[in-house]
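Just below is one structure, and these are the notes that go with it.
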Amino acid sequence: MKNQYTILTGSKNNAGDFLIKYRAKQLFKELRPDREIIDFNAWETFDSEKLKIVNESKALILLGGPSLQKFMRPNIYKMTDNLDDIKVPIISMGIGWKSISGNWEDTYDYPLSDESIELLKRINSSGYLSSVRDYHTLNSIRFKGFENFLMTGCPAYYDLDYIGSPFENPNIKKMAFSLGVSFIHSPSMEKLMKENILACKKHFEDKEFEVVFHHSLNTKKFLSTHGASSTHSQKHNEFAKWLEDNNIKYVDISGSAENLMNYYQNIDLHIGYRVHAHIFMNSISKFSILISEDGRAKGAKEVIGGIVLDGFTKFKNDFFTKVLNRLLSNYDKFESNKNLTKEIISNIEYERKIDFVRIKNSRNQIDNNFEVMKQFMVQLP
Numbered sequence: 021m022k023n024q025y026t027i028l029t030g031s032k033n034n035a036g037d038f039l040i041k042y043r044a045k046q047l048f049k050e051l052r053p054d055r056e057i058i059d060f061n062a063w064e065t066f067d068s069e070k071l072k073i074v075n076e077s078k079a080l081i082l083l084g085g086p087s088l089q090k091f092m093r094p095n096i097y098k099m100t101d102n103l104d105d106i107k108v109p110i111i112s113m114g115i116g117w118k119s120i121s122g123n124w125e126d127t128y129d130y131p132l133s134d135e136s137i138e139l140l141k142r143i144n145s146s147g148y149l150s151s152v153r154d155y156h157t158l159n160s161i162r163f164k165g166f167e168n169f170l171m172t173g174c175p176a177y178y179d180l181d182y183i184g185s186p187f188e189n190p191n192i193k194k195m196a197f198s199l200g201v202s203f204i205h206s207p208s209m210e211k212l213m214k215e216n217i218l219a220c221k222k223h224f225e226d227k228e229f230e231v232v233f234h235h236s237l238n239t240k241k242f243l244s245t246h247g248a249s250s251t252h253s254q255k256h257n258e259f260a261k262w263l264e265d266n267n268i269k270y271v272d273i274s275g276s277a278e279n280l281m282n283y284y285q286n287i288d289l290h291i292g293y294r295v296h297a298h299i300f301m302n303s304i305s306k307f308s309i310l311i312s313e314d315g316r317a318k319g320a321k322e323v324i325g326g327i328v329l330d331g332f333t334k335f336k337n338d339f340f341t342k343v344l345n346r347l348l349s350n351y352d353k354f355e356s357n358k359n360l361t362k363e364i365i366s367n368i369e370y371e372r373k374i375d376f377v378r379i380k381n382s383r384n385q386i387d388n389n390f391e392v393m394k395q396f397m398v399q400l401p
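In short: position in the sequence shown from 1, add 20, done, that's my numbering.
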């Protein structure tokens with residue numbers, strides 16, 4: 021056995037997924053310098069050579085992203101048909117649930133396939149603590165009877181240069197609005213995002229303002245990635261065309277953690293739907309307002325507090341809705357938050373008035389959660 025961990029990661033095109041991997045490797049370097057890191061794509065099956073490398077490692081670590089899904093295995097983590105082929109401990113690090121509504125009651129009976137339960141049993145019995153990225157995920161797992169998990173937060177929360185550093189009140193010169201993905205299938209969410217963007221641009225008319233795409237606008241490049249959808253690419257490019265028609269600048273930061281970090285470190289205020297834009301801004305003690313379009317954002321609010329606003333008031337997922345959604349391509353399962361645009365501007369002004377108390381609290385909570393992350397990492401084999 022070698023002094024190494026094999027990690028399974030899911031970064032394909034989305035800048036946020038690359039940030040998770042980048043920050044996790046920084047944590048290993050700082051807290052477990054005694055281990056080399058071998059990185060495999062989570063969606064690829066282990067061939068004999070990969071399996072040999074895994075079984076020579078101290079552990080197989082399933083890293084980050086919204087991977088706790090009904091078909092977590094094999095759709096997210098392909099690995100092997102037989103988990104007994106893996107002879108080393110399997111441990112999770114910063115994994116998260118995937119729920120559109122994101123309601124807490126959804127955690128009580130979270131749907132998981134038999135194969136996914138089998139994987140969680142293996143993780144739970146590894147002899148080591150595993151980690152999840154938010155309390156919604158933790159509760160989902162604990163209600164299935166798995167208790168050997170810690171809520172560490174996503175690895176992306178932790179920039180080691182900023183741990184323990186104070187939040188400095190911003191002088192807003194440049195503002196970025198990150199685009200979500202719910203607009204792809206929801207006309208009401210598309211209308212809402214456009215309304216948000218126009219209002220923010222007007223409010224910051226004397227500031228530099230850009231809309232940020234975390235997925236590639238290059239159709240060929242995007243469709244070359246595993247599991248990519250042509251509808252996803254088409255709708256993003258149509259949105260970019262709308263921005264052009266309205267003389268609004270935009271930027272594509274997809275494809276790497278460096279693209280995300282280099283961009284947002286020069287931003288004074290982030291508003292938008294991308295969870296890892298919000299996580300990154302908070303990790304470097306900067307002002308961010310996250311808009312919730314699913315359970316990931318709602319989970320983030322429980323982890324570090326801060327400002328997370330509801331992008332929708334209701335998500336319909338009953339049997340009747342599912343039937344209509346299959347029959348009618350433009351049937352909308354979302355009811356968007358019609359008060360959101362006013363709420364965004366109100367929160368910006370209020371936070372200034374109270375000397376950015378909520379943002380400072382987020383900084384403190386990241387530092388507190390880092391102690392749990394350290395507890396998790398030092399006990400790894």
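All C-beta atoms, glycine included, are put in the ideal place defined by N, C-alpha and C. Note that the structure is predicted; figures quoted are calculated from it, not measured.
Runs of beta strand (DSSP E) with 3 or more residues, each lying fully within the region 252–317, are found at 270–272, 289–292 and 307–312, listed in chain order. Assigned with DSSP and collapsed to three states, Ile-111 falls in strand. Per DSSP, the beta bridge partners of Val-328 are Leu-310. Between the region 191–204 and the region 230–242 there are three or more C-beta pairs closer than 8 Å, enough to call the two in contact.
Here DSSP, grouped into helix, strand and coil, assigns Ser-250 to helix. For the set Pro-207, Lys-380, Phe-307 and Ile-386, the Cα lying nearest the Cα of Asp-288 is the one of Phe-307. In the pairwise beta carbon analysis, the region 101–118 is classified as touching the region 62–81: at least three pairs are separated by under 8 Å. Bounds of the alpha helix (DSSP H) holding Ser-160 are 155–162. Secondary structure of Asp-352 (DSSP, three-state): coil. Note that the C-beta distance between Asn-302 and Ser-185 is not below 8 Å.
For Tyr-25, the beta-bridge partners assigned by DSSP are Ile-57 and Ala-79. DSSP, reduced to helix, strand and coil, places Lys-358 outside both helices and strands of the structure shown, so it counts as coil.
About 7 Å separates the Cβ atoms of Lys-164 and Leu-140, confirming a contact at the 8 Å cut-off. Counting the other CB atoms within 10 Å of its CB gives Met-397 a total of 16 or more, which places it among the buried residues. When secondary structure is reduced to three states using DSSP, Thr-245 falls in the coil class, being assigned neither helix nor strand.
The C-beta of Asn-216 has 16 or more other C-beta atoms within 10 Å across all chains shown, which makes the residue buried. Taking C-alpha positions only, Gly-85 is separated from Tyr-293 by approximately 16 Å.
A distance of 8 Å or more separates the beta carbons of Glu-138 and Leu-88. Residue pairing by DSSP leaves Met-397 without any beta bridge partner. Thr-100 places its beta carbon less than 8 Å from that of Leu-71. Below 8 Å, enough C-beta pairs join the region 27–41 and the region 276–284 to call them touching: three or more. When the five nearest sequence neighbours on each side are left out, the beta carbons in the same chain lying within less than 8 Å of the beta carbon of Gly-325 are those of Arg-378, Asn-381, Ser-382 and Gln-385, in order along the chain. Three or more beta-carbon pairs separated by less than 8 Å link the region 125–136 to the region 149–166, which places the two stretches in contact. For Trp-63, the secondary structure class from DSSP, reduced to helix, strand or coil, is coil.
Counting along the chain, the unbroken beta strand (DSSP E) around Val-232 starts and ends at 228–233. In the DSSP assignment, Phe-166 falls outside any beta strand (DSSP E) and carries neither an H nor an E. In the structure shown, Lys-193 falls within a coil segment according to DSSP collapsed to helix, strand and coil.
No residue range can be given for Ser-236, since it is assigned to no beta strand (DSSP E) and is classified by DSSP as neither H nor E.
For the pair of segments examined, the region 40–56 was found to touch the region 168–185: the number of CB pairs separated by less than 8 Å reaches three.
When DSSP reads this structure, Val-152 sits in a beta bridge with Ile-115 and Met-171.
In this structure, Asn-357 lies near Gly-331, with their beta-carbon atoms less than 8 Å apart. In the DSSP annotation of this structure, the continuous segment of the alpha helix (DSSP H) that includes Leu-347 starts and ends at 339–347.
Note on Lys-362: under 16 other CB atoms within 10 angstroms of its CB, so exposed under the neighbour-count rule.
In the three-state scheme derived from DSSP, where H, G and I count as helix and E and B as strand, Phe-335 is classed as strand. Here the alpha carbon of Cys-220 sits roughly 20 Å from the alpha carbon of Pro-207. Nearest Cα to Asp-352 within the set His-205, Thr-26 and Ser-68: His-205.
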